[in-house]
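Okay, so here's the structure we're looking at.
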Amino acid sequence: MIKNKKLIPAIILSALFGAACQAEDDSTREMVGGAAAAARPDHVVRRERGLDVIRTLTGKDNPEAFGEKFEANYGALGSFALDFVMGDIWSREQLSRRDRNLIVLTMLGALHQTNQLAYYVPGGLNHGLTPTEIREIMTHLAAYAGFPKALDAMAETNRILAELGHGPGPEGFAGSERFSDAERRARGAEVMGRLSGNDAPDPNAVLEAMA
Numbered sequence: 001m002i003k004n005k006k007l008i009p010a011i012i013l014s015a016l017f018g019a020a021c022q023a024e025d026d027s028t029r030e031m032v033g034g035a036a037a038a039a040r041p042d043h044v045v046r047r048e049r050g051l052d053v054i055r056t057l058t059g060k061d062n063p064e065a066f067g068e069k070f071e072a073n074y075g076a077l078g079s080f081a082l083d084f085v086m087g088d089i090w091s092r093e094q095l096s097r098r099d100r101n102l103i104v105l106t107m108l109g110a111l112h113q114t115n116q117l118a119y120y121v122p123g124g125l126n127h128g129l130t131p132t133e134i135r136e137i138m139t140h141l142a143a144y145a146g147f148p149k150a151l152d153a154m155a156e157t158n159r160i161l162a163e164l165g166h167g168p169g170p171e172g173f174a175g176s177e178r179f180s181d182a183e184r185r186a187r188g189a190e191v192m193g194r195l196s197g198n199d200a201p202d203p204n205a206v207l208e209a210m211a
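For the sequence shown, position 62 matches number 62 in my numbering, and the numbering has no gaps at all.
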């Protein structure tokens with residue numbers, strides 16, 4: 001029992017102040033720790049994510065060996081490719097790995113970087129693209145990046161797919177469909193109508209609306 005009652009308010013205030021300071025210290029530590037974790041993801045986690053992308057891209061169960069060889073060949077640049085490109089960008093959930101692989105194939109063809117197709121054509125198959133879809137990417141590329149780049153990309157793509165057992169039949173590949181001028185115009189107007197949101201049945205009306 002405290003005999004000096006004058007000390008009671010001081011003791012209570014001291015206890016309350018001490019508890020408040022302790023709570024503030026705990027809260028500050030939590031905020032600092034949380035901010036640090038949010039600002040800089042743990043390197044181990046990033047590397048694990050990157051290696052998981054390598055696993056699905058290559059279809060092999062030992063991505064660690066690939067990662068070690070990649071870093072040995074490219075040094076810090078290899079580390080950045082594994083941890084940032086694969087660990088951060090490829091691991092985002094906003095796009096599937098199939099869609100990301102499709103984008104990379106398109107960019108490699110447009111940039112005329114056909115040497116990298118050796119990774120991403122098999123990767124496309126591993127991520128769910130079909131051989132027909134991969135070839136169609138290169139066909140579509142011709143309209144936007146030009147025929148020379150598209151033809152080179154298609155040649156390398158066909159070579160890689162053939163090595164993987166997806167080559168053409170005895171008579172080669174089939175050519176494109178053959179449409180009359182009126183059919184070609186109607187098909188083009190239909191696509192442009194969808195792109196523009198104008199679903200007019202008359203091709204000329206669609207073109208006039210977009211002019």
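From the three backbone atoms N, C-alpha and C, an ideal C-beta is built for every residue, glycine too.
DSSP-derived helix/strand/coil call for residue i
| i | result |
| --- | --- |
| G213 | Here the chain has residues from 1 to 211 only, and residue 213 is not among them. |
| E133 | helix |
| G67 | helix |
| R92 | coil |
| N62 | coil |
| A174 | coil |
| D199 | coil |
| Q113 | coil |
Between the CA atoms of residue j and residue i - distance to the nearest angstrom
| i | j | result |
| --- | --- | --- |
| V45 | M86 | 12 Å |
| D181 | P170 | 32 Å |
| V53 | I137 | 22 Å |
| F147 | D42 | 45 Å |
| A142 | N204 | 26 Å |
| E93 | G123 | 18 Å |
| T130 | L161 | 10 Å |
| Y120 | I103 | 10 Å |
| G175 | R47 | 45 Å |
| R98 | F179 | 32 Å |
| L95 | I89 | 10 Å |
| R194 | P63 | 43 Å |
| I134 | L82 | 24 Å |
| A153 | A209 | 36 Å |
| T157 | R55 | 21 Å |
| N73 | G67 | 10 Å |
| E71 | A65 | 10 Å |
| A145 | T58 | 27 Å |
| E177 | A155 | 21 Å |
| G51 | G167 | The sequence shown places Leu at residue 51, not Gly. Using only the alpha carbons, I get a separation of about 30 Å. |
| A118 | M107 | 14 Å |
Extent of the continuous alpha helix (DSSP H) to which residue i belongs
| i | result |
| --- | --- |
| H127 | Looking at the DSSP string, H127 is not in any alpha helix (DSSP H), and its letter there is neither H nor E. |
| S79 | A76 to F80 |
| S196 | D181 to S196 |
| K56 | With the sequence shown as reference, residue 56 is identified as Thr, and Lys is not the correct amino acid for it. Per DSSP, T56 belongs to the alpha helix (DSSP H) from H43 to T58. |
| V104 | R97 to A110 |
| L151 | F147 to E163 |
Per-residue burial, residue i [other beta carbons within 10 Å of its own, 16 or more giving buried]
| i | result |
| --- | --- |
| L69 | One detail in the question is off: residue 69 reads as Lys in this sequence, not Leu. That one is exposed. |
| K233 | No statement about residue 233 is possible, as the shown extent of the chain runs from 1 to 211 and does not include it. |
| R184 | exposed |
| R278 | Nothing in the structure corresponds to residue 278, since the chain is present only between 1 and 211. |
| D61 | exposed |
| G252 | Lying before the first or after the last residue shown, residue 252 is absent from the chain, which here runs from 1 to 211. |
| G165 | exposed |
| A189 | buried |
| H140 | exposed |
| L151 | exposed |
| G109 | buried |
Sufficient close CB pairs (3 or more, under 8 Å) joining the segment 113-122 to the segment 72-91: no
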